[in-house]
Amino acid sequence: MVPTAVWDNQDVPGLGWVDRMGHTKNGDFAPIREFYGPTGKWHGNNGLGAYATLYDNPQPQEAVYYVIASLISDYGTSAFTHETTHINDRMAYLGGWRHREGTYVEAFAQGMLQSPSLTNYNGEYRSLGLNMAYERPNDGTQIYNPNPNTLQSREAIDHYMKNYNEALMMLDYLEATAVFNKNTSTNDKWFKKIDKKWREQAEGNKLIGEPHQWDLVRDLNDDEKNTKLTSIDQLVDGNFATKHGLPRNGHYRPEGYDTAYTVVNMMTGIYGGNTSKSATGSISFKHNTFRMWGYFGYLDGFIGYASNKYKQESKAAGRPGLGDDFIIEKVSGGKFHTLEEWKKEWFKEVKAKGEKGFVEIEIDGEKISNYARLQELFNKAVENDLKAGNSKQTVALKEKVYKQLLQKSDGFAGNLFKA
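Quick note on UniProt numbering: the sequence shown kicks off at 1 and runs consecutively.
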């Protein structure tokens, strides 16, 4: 970790925001008048929740400043992990390899390495994430690792991340199978597509045109609507995603300050990887980073995918950029050539594990450790939702099962599957 000074906001109860001299219209505030002001540690109100000094590379003085948010609060703790991600990602979290080409700072904090708070107003709670800040009871209500103090080694974190991802993938598989079984209408009743949009001129973007891509969330076209879906492989190859929880239609880019903040809801089924030959989009970048971490571990999966570790090798190989295709080839030792090849294999592995049994959970008073019984519950939930024209029962069931899997596997620190 990079040593970092953290300065709380200077909005004093009863006085308001205090100026550099320690004055307000309601009176003086001695700590700023006598210390923070004279020593140059006063900062103004720029309207942000908090911010980090990070723009010089390297930054001569790392610091975090709170403005609207308060350090000593539930959200303030989350904001701390957001801002310190900006300071630590390039030099520490990414192993010194720096941000992957085509991304920038906001692709790595919210929706990735920021610890989500219960009071987060950005919708981050219930999105992909890791809790490295809050001590919470493993009481069946949690959706992240309850206590970061139990993750004392890279091996422990990798074990957690494997269980975390495989639990979500099993639920995505169950949901998809239920849709295959129960949907008698067109595929757009349940799915959208995460497509490619070739990059254009935009703030922070230096990569223009094909093969440099952003994510494009869009409705299914006529062919996609009417194709008979019967397998997970079709969803993966077609880069389908569930409509529920998916960000609205449009393009998503990880190198700017608009859609780089996008979070990926945990209960949203994103089946493909939208494999790129160069830079990728912000939804795929975050989702793929978590999945790569879960399968290949922190060193190979997380750092290998999210950083510039393979940039020079990619360039030497004559590739047009550091793409998902090159990274998965390197990380898998040549076994996989696209993210879709890898994800199809992993989905098969997860389903096979699930069918052999998982930790016993309790759903609405019924004890379950059998995959077939879970499938029956998902079939019923999806059937009801298709009739109602929403996805409420399915999402509620996914979250209910997920929370039980987390609790009964000791916060994913223990065994998730029986074999």
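No residue lacks a Cβ here, since even glycine has one placed at the ideal position from N, Cα and C.
Would residue i be called buried (16 or more neighbouring beta carbons within 10 Å of its own) or exposed?
{"i": "ILE72", "result": "exposed"}
{"i": "TYR121", "result": "exposed"}
{"i": "GLN407", "result": "buried"}
{"i": "LYS277", "result": "buried"}
{"i": "THR81", "result": "buried"}
{"i": "THR141", "result": "exposed"}
{"i": "SER369", "result": "exposed"}
{"i": "LEU130", "result": "buried"}
{"i": "ASN165", "result": "buried"}
{"i": "PHE336", "result": "buried"}
{"i": "LEU118", "result": "exposed"}
{"i": "LYS398", "result": "buried"}
{"i": "residue 420", "result": "Outside the displayed span of the chain (1 to 419) sits residue 420, for which this structure offers no information."}
{"i": "GLY301", "result": "buried"}
Give me the Cβ distance between residue i and residue j, rounded to the nearest whole Å; I'm assuming they're in contact under 8 Å.
{"i": "ALA413", "j": "ALA156", "result": "7 Å"}
{"i": "GLU83", "j": "ALA107", "result": "At roughly 15 Å, the Cβ-Cβ gap does not stay under 8 Å, so GLU83 and ALA107 are not in contact."}
{"i": "TYR66", "j": "ASP8", "result": "5 Å"}
{"i": "ALA176", "j": "ILE232", "result": "6 Å"}
{"i": "LEU54", "j": "ILE68", "result": "That pair is no contact at about 19 Å."}
{"i": "LEU322", "j": "LYS311", "result": "5 Å"}
{"i": "PHE290", "j": "VAL331", "result": "Their Cβ separation, rounded to whole angstroms, is 14 Å, which puts PHE290 and VAL331 out of contact at 8 Å."}
{"i": "LYS182", "j": "GLU383", "result": "4 Å"}
{"i": "TYR160", "j": "ASN147", "result": "Rounded, the Cβ-Cβ distance is 11 Å, inconsistent with contact."}
{"i": "GLU360", "j": "LYS367", "result": "6 Å"}
Taking the straight line between their C-alpha atoms, what separation do you get for residue i and residue j?
{"i": "GLN152", "j": "ALA396", "result": "32 Å"}
{"i": "GLU135", "j": "THR77", "result": "12 Å"}
{"i": "PHE417", "j": "GLN114", "result": "28 Å"}
{"i": "HIS43", "j": "ARG20", "result": "8 Å"}
{"i": "GLY318", "j": "PHE191", "result": "36 Å"}
{"i": "ASN163", "j": "ASN415", "result": "8 Å"}
{"i": "GLY333", "j": "ILE303", "result": "16 Å"}
{"i": "PHE326", "j": "ARG33", "result": "57 Å"}
{"i": "ALA63", "j": "ASN187", "result": "49 Å"}
{"i": "LEU168", "j": "GLU124", "result": "17 Å"}
{"i": "HIS244", "j": "GLU101", "result": "30 Å"}
{"i": "THR259", "j": "SER127", "result": "15 Å"}
{"i": "ASP324", "j": "PHE285", "result": "9 Å"}
{"i": "LYS196", "j": "PHE240", "result": "12 Å"}
{"i": "THR184", "j": "LEU229", "result": "11 Å"}
{"i": "VAL236", "j": "LYS344", "result": "7 Å"}
{"i": "PRO116", "j": "ASN138", "result": "16 Å"}
{"i": "PRO38", "j": "MET266", "result": "47 Å"}
{"i": "ASP410", "j": "VAL6", "result": "34 Å"}
{"i": "TRP293", "j": "VAL12", "result": "42 Å"}
{"i": "GLY14", "j": "TYR261", "result": "34 Å"}
{"i": "GLY238", "j": "LEU374", "result": "26 Å"}
{"i": "ALA30", "j": "ILE87", "result": "31 Å"}
{"i": "TRP214", "j": "ILE283", "result": "9 Å"}
{"i": "THR150", "j": "TRP342", "result": "30 Å"}
{"i": "ILE143", "j": "THR4", "result": "29 Å"}
{"i": "GLY22", "j": "ALA50", "result": "21 Å"}
{"i": "ALA419", "j": "ALA316", "result": "42 Å"}
{"i": "VAL401", "j": "ALA381", "result": "13 Å"}
{"i": "ASP222", "j": "GLY273", "result": "22 Å"}
{"i": "THR24", "j": "TYR36", "result": "15 Å"}
{"i": "ALA79", "j": "THR227", "result": "44 Å"}
{"i": "GLU329", "j": "GLN10", "result": "50 Å"}
{"i": "GLY27", "j": "ALA109", "result": "38 Å"}
{"i": "VAL264", "j": "GLU362", "result": "27 Å"}
{"i": "ASP89", "j": "HIS99", "result": "8 Å"}
{"i": "SER70", "j": "LYS403", "result": "30 Å"}
{"i": "PRO320", "j": "ALA202", "result": "20 Å"}
Beta-carbon of residue i versus every beta-carbon of chain D: anything under 8 Å?
{"i": "LEU71", "result": "In summary, chain D is missing from the structure at hand, where a single protein chain is found."}
Going by the CB atoms, is the gap between residue j and residue i shorter than 8 Å?
{"i": "ILE208", "j": "GLU200", "result": "yes"}
{"i": "GLY269", "j": "ASP172", "result": "yes"}
{"i": "ASN308", "j": "TRP97", "result": "yes"}
{"i": "ASN46", "j": "TRP17", "result": "no"}
{"i": "VAL2", "j": "MET91", "result": "yes"}
{"i": "GLY281", "j": "ASN205", "result": "no"}
{"i": "GLY339", "j": "THR394", "result": "According to the sequence shown, residue 339 is Leu rather than Gly. Going by C-beta atoms, LEU339 is not nearer than 8 Å to THR394."}
{"i": "LEU405", "j": "PHE358", "result": "yes"}
{"i": "PRO254", "j": "TYR104", "result": "yes"}
{"i": "LEU174", "j": "PHE378", "result": "yes"}
{"i": "LEU94", "j": "ALA372", "result": "no"}
Verify the contact flag: residue i, CB atom, against every heavy atom of the ligand GTP, threshold strictly below 7 Å.
{"i": "MET132", "result": "With respect to small molecules bound, the structure shown includes none, and the ligand GTP cannot be examined in it."}
>> Between the region 248-256 and the region 212-225, can you find at least three pairs of beta-carbon atoms closer than 8 Å?
In response: yes
> Touch check for the region 336-354 and the region 384-399: three-plus C-beta pairs under 8 Å?
Replying inline: no
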